[in-house]
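Asker:
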Amino acid sequence: MPASESIAALRTFVAERDWDQFHSPENLAKSISIEAGELLECFQWSPDFDQEQVEAELADVVTYCIHLANKIGVDLDEIVMKKLESTKAKYPVELAKGRMTKYTKLSEASE
């Protein structure tokens with residue numbers, strides 16, 4: 596499957612700057628966590644948020660996730676769909692619909 600436009604653009608961006616040498620899986624995972632913290636900070640004191648700032652921080656998180664996927668050689672669509680299938684098995688509609696109960700407690704919650 597060909598890379599999406601954004602993935603291709605990110606690969607080009609990194610290649611043009613010779614930054615791949617700095618993108619170890621460890622560094623990228625750290626960067627995801629750091630950027631996720633910055634995203635969370637947008638909601639630190641209030642549920643109200645600055646849409647533009649949230650979009651910028653979300654883009655940073657997604658960008659580092661894409662970089663990590665590229666570095667370790669995985670297809671994001673494939674791993675997301677695989678995870679969705681396992682999550683569907685944990686949270687069957689008939690037990691989980693409308694509930695925020697952890698999957699290990701779903702059968703108890705339905706009794």
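Offset between the sequence shown (1-based) and my numbering: plus 595. Where a beta carbon is used, it is the ideal one built from N, C-alpha and C, also for glycine.
May I ask which residues mark the beginning and end of the alpha helix (DSSP H) holding G632?
Answerer: Residues 620-636.
Asker: Since I661 and P620 should fall inside the 8 Å C-beta cutoff, what is the C-beta to C-beta distance between them, to a whole number of angstroms?
Answerer: No, I661 and P620 are not in contact; Cβ-Cβ is about 13 Å, not under 8 Å.
Asker: Is it buried or exposed for E652, if we count other Cβ within 10 angstroms and need 16 for buried?
Answerer: Classification for E652: buried.
Asker: For the segment 640-657 against the segment 623-630, are there 3 or more C-beta pairs whose distance is under 8 Å?
Answerer: Yes, the segment 640-657 touches the segment 623-630.
Asker: Return helix, strand or coil for T696, following the three-state DSSP convention.
Answerer: It is coil, neither helix nor strand.
Asker: State the start and end residues of the unbroken alpha helix (DSSP H) segment that holds D672.
Answerer: Where D672 is concerned, the enclosing alpha helix (DSSP H) stretches over 671-685.
Asker: Give a yes or no on whether the minimum CB-CB distance between P620 and chain C is below 8 Å.
Answerer: This model lacks chain C altogether; it includes just one protein chain.
Asker: By the 10 Å Cβ neighbour count, where 16 or more other Cβ atoms means buried, how is L635 classified, buried or exposed?
Answerer: So L635 counts as exposed.
Asker: With a threshold of 16 other CB atoms inside 10 Å of the CB of L663, please say whether the residue is buried or exposed.
Answerer: Per the 10 Å Cβ criterion, buried.
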